[in-house]
Amino acid sequence: LAKTTQPISMDSYEGQEVNITCSHNNIATNDYITWYQQFPSQGPRFIIQGYKTKVTNEVASLFIPADRKSSTLSLPRVSLSDTAVYYCLVGPMNTGFQKLVFGTGTRLLVSP
Amino acid sequence: DAGVIQSPRHEVTEMGQEVTLRCKPISGHDYLFWYRQTMMRGLELLIYFNNNVPIDDSGMPEDRFSAKMPNASFSTLKIQPSEPRDSAVYFCASSLDPGQHEKLFFGSGTQLSVL
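Chains as they are written, first to last, in my numbering: chain Y, 9 to 120; chain F, -5 to 109.
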């Protein structure tokens, strides 16, 4: 499974756009990129998933360049409630997803 | 559906005691996972089941840890005997059979403190 590297922590203010970048240099052809969000005292929850270019949903956008060696999770106009840990995971879709590695994630702190 | 349900929410026990954590997956999900989360090591996969059968237990730290899934709606993670270094948050998660959009659905976790 591809190894991922993301910042340990980030700080932001309410209303700002936050971009969290994840590096995955050894991503395989059949690997997908998935992001999870974890609030304090809760289990992680799925945010967004993509394979290439751009994916957008009601929560976030995911930007993946052509070489797919990195990806950026974009949170528009964050609020205090976006304070959480964000995990980048890389792995195949139909086989092996069971062993996706969460790591320690990026701790985002949003201040007033 | 109420989501993945774990019990107890908090468990405080003394070293040497047996601890049993419980999980009810989302109905219809074929995969069940047990994770452990600590500040130092993050979120680690301990074991996962497919259709009630343990598939990979390579993440189970020691023989003191055991997990069972007697039926599709119930699983347990047991630690016997417990040690202070087992203190962590233990999460259970479930997922549908692999397809186009695998997602893990996590419970709220069990905060375990071993004194």
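Note that the Cβ used here is the ideal one computed from N, Cα and C, for glycine as well.
- Taking a beta-carbon distance threshold of 8 Å, residue 85/Y does not count as an interface residue toward chain F.
- At a cut-off of 8 Å, the C-beta of residue 58/Y has no neighbouring C-beta in chain F.
- Note on the segment 20 to 76 of chain F: whole beta strand (DSSP E) runs with a minimum of 3 residues are 25 to 32, 36 to 44, 47 to 50, 59 to 65, 68 to 73, in chain order.
- Taking 8 Å as the CB threshold, residue 29/Y stays off the interface with chain F.
- Flagged as an interface residue toward chain F: residue 52/Y, by a C-beta distance shorter than 8 Å.
- Judged by their CB atoms, residue 87/F and residue 43/F are not nearer to each other than the 8 Å cut-off.
- Interface residue (Cβ-Cβ distance to chain F less than 8 Å): residue 61/Y is not classified as such.
- Short of 6 Å from the beta carbon of residue 14/F, and not among the five residues preceding or following it, lie these beta carbons of its own chain, in chain order: 70, 72.
- If you look at residue 4/F, you'll find it in the beta strand (DSSP E) that goes 4 to 7.
- Look at the beta carbons and you see the segment 22 to 29 of chain Y not touching the segment 75 to 87 of chain F: under three pairs across the two are nearer than 8 Å.
- For the 8 Å CB-CB criterion, residue 12/Y and residue 111/Y form a contact.
- Residue 110/Y belongs to the set of residues whose beta carbon lies under 8 Å from a beta carbon in chain F.
- Secondary structure at residue 89/Y: helix, using DSSP grouped into helix, strand and coil.
- For residue 40/Y, the enclosing beta strand (DSSP E) begins and ends at 39 to 46.
- In the three-state scheme derived from DSSP, where H, G and I count as helix and E and B as strand, residue 78/F is classed as helix.
- In this structure, 34/F is the residue among 16/F, 0/F, 34/F with its C-alpha nearest to the C-alpha of residue 81/F.
- Taking 8 Å as the CB threshold, residue 22/F stays off the interface with chain Y.
- In this chain, the beta strand (DSSP E) harbouring residue 72/Y covers 69 to 72.
- Taken through DSSP and simplified to helix, strand or coil, residue 14/Y comes out as coil.
- For residue 37/F, the closest Cβ of chain Y is nearer than 8 Å.
- Under the 8 Å criterion on CB atoms, residue 23/Y is classed as non-interfacial with respect to chain F.
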